[in-house]
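Student: Chains as they are written, first to last, in the UniProt record's numbering: chain A, 1 to 157; chain B, 1 to 157.
There are 2 protein chains.
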Amino acid sequence: MEKLYSIQEVSQILGISKDTLRYYDRIGIVSPSREENKYRRYSKDDLIDLMNIQIMQYVDFSLDEIRGTLNIRKMDNIDPVYCEEVSAFLDAKNAETRKKIAHLEKVSQLLNIAAETLRNFNIESDRRLAKIVREIYMDIRGGEPKYFKEGCDDHQG
Amino acid sequence: MEKLYSIQEVSQILGISKDTLRYYDRIGIVSPSREENKYRRYSKDDLIDLMNIQIMQYVDFSLDEIRGTLNIRKMDNIDPVYCEEVSAFLDAKNAETRKKIAHLEKVSQLLNIAAETLRNFNIESDRRLAKIVREIYMDIRGGEPKYFKEGCDDHQG
DNA sequence: CTTGACATTGGAGTCAACTCCAATGTTATT
DNA sequence: AATAACATTGGAGTTGACTCCAATGTCAAG
Numbered sequence: 001m002e003k004l005y006s007i008q009e010v011s012q013i014l015g016i017s018k019d020t021l022r023y024y025d026r027i028g029i030v031s032p033s034r035e036e037n038k039y040r041r042y043s044k045d046d047l048i049d050l051m052n053i054q055i056m057q058y059v060d061f062s063l064d065e066i067r068g069t070l071n072i073r074k075m076d077n078i079d080p081v082y083c084e085e086v087s088a089f090l091d092a093k094n095a096e097t098r099k100k101i102a103h104l105e106k107v108s109q110l111l112n113i114a115a116e117t118l119r120n121f122n123i124e125s126d127r128r129l130a131k132i133v134r135e136i137y138m139d140i141r142g143g144e145p146k147y148f149k150e151g152c153d154d155h156q157g
Numbered sequence: 001m002e003k004l005y006s007i008q009e010v011s012q013i014l015g016i017s018k019d020t021l022r023y024y025d026r027i028g029i030v031s032p033s034r035e036e037n038k039y040r041r042y043s044k045d046d047l048i049d050l051m052n053i054q055i056m057q058y059v060d061f062s063l064d065e066i067r068g069t070l071n072i073r074k075m076d077n078i079d080p081v082y083c084e085e086v087s088a089f090l091d092a093k094n095a096e097t098r099k100k101i102a103h104l105e106k107v108s109q110l111l112n113i114a115a116e117t118l119r120n121f122n123i124e125s126d127r128r129l130a131k132i133v134r135e136i137y138m139d140i141r142g143g144e145p146k147y148f149k150e151g152c153d154d155h156q157g
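1. Rounded to the nearest angstrom, how far is the Cβ of threonine 97 (chain B) from that of leucine 111 (chain A), given a contact under 8 Å?
2. Counting only runs of 4+ residues fully inside the segment 8–83 of chain A, write out the alpha helix (DSSP H) ranges in chain order.
3. Since tyrosine 137 (chain B) is in the alpha helix (DSSP H), which residue starts that stretch and which ends it?
4. Check the Cβ of valine 133 (chain B) against every Cβ in chain A and list those closer than 8 Å, keeping chain order.
5. Along chain A, in chain order, which residues have C-beta atoms closer than 9 Å to that of tyrosine 58 (chain B)?
6. Excluding the 5 residues flanking serine 17 (chain A) on each side, which residues of the same chain have their C-beta closer than 8 Å to its C-beta?
7. What number of angstroms, rounded off, separates the C-alpha of glutamine 8 (chain A) from the C-alpha of valine 59 (chain A)?
8. Closest Cβ-Cβ distance between leucine 63 (chain B) and chain A: below 8 Å?
9. Within the 8 Å Cβ cut-off, does valine 86 (chain B) reach chain A?
10. Who are the neighbours of glycine 15 (chain A) on chain B, taking C-beta pairs under 7 Å?
11. Could you name the residues of chain A that aspartate 46 (chain B) contacts, counting a contact when the two beta carbons are closer than 7 Å?
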């Protein structure tokens, strides 16, 4: 007979709070079996599902997205069409991730230049800062900033 | 006499909703002057503040953080100690950003391998996937995953 | 039986950054 | 005066992922 885990055991093993586990049950993400006293009993497969959830959350999947992909566990043989769908989904997610990385690289650059400019005011760093702020503002608004001033005022980030 | 802008004008110029502008006023981030009829009147300096807010939000500052840094605008001469504080804050923000980038690079790698594995099951890609999932799980929990299985089941991401 | 540690349910609250809506007032044009 | 487009305020709602809490039941050990 396979070992079943209480909610407290699962919480300790996986570092997921009991309330969160109840929440996942309530919204239908991971629904363990129940004893006669209504206590939840988690199987090893339930624990694997939960671990997959943790990994997918690391990857920034929403719970809705997670709900969609967990279903593949339940299938006896692997449907190639479904695998292709998930694969395409993962590719889209990756494209999104690459975009975020590009955004954060620009942010990092801006923060570098802003910090440097605050420490050491000179024409060159002012110029570099103004340049990147313009680029960023184009990202934000798709146009040139109309009201722009030189000096420390612009160095907020 | 300097031109003052109505809330509708500001909203159109900067692409910030009127309700958001009122919200910023209410929480004390940008508080324009008022006419006798209580209508808000934004100065050019208010607009510059709002543009700085947009840039700082691009950089992922919370409104609380933004509130803290906007004060530098209000000072007649620049206090070097304050500049050093802001500079240090920007450095900390940048370190955070670099961490996020590292995290996202790992995510991107995982998504790549997962998608590839789903498209083309073979020992090599399974192995690579298992390896990176283990690394990620160590990030999440600081330990080895205890209940691990091979196969498509693990390929959720 | 008592006590303490566990469980359950139902339902509301938290968070940050907005967003919506009703009621009311203001302005400018016809 | 009527109308339309603007403004205001106050206050509640939205979002997604939890988190808290009161009331009640269950279990195991002393």
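Virtual Cβ for every residue (Gly too), placed ideally from N, Cα, C. Model, not experiment: these values are computed from the prediction.
Tutor: Taking the geometry as given:
1. 6 Å
2. The alpha helix (DSSP H) runs of length 4 or more contained entirely in the segment 8–83 of chain A are, from start to end of the chain, 18–26, 44–58, 63–70.
3. 123–141
4. Ile55
5. His103, Lys106, Val107, Leu110, Ile136, Tyr137, Asp139, Ile140, Gly157
6. Ser11.
7. In a straight line, the C-alpha of glutamine 8 (chain A) is about 26 Å away from that of valine 59 (chain A).
8. no
9. yes
10. Arg141
11. Within 7 Å Cβ-Cβ: nothing; aspartate 46 (chain B) doesn't reach chain A, min ~10 Å.
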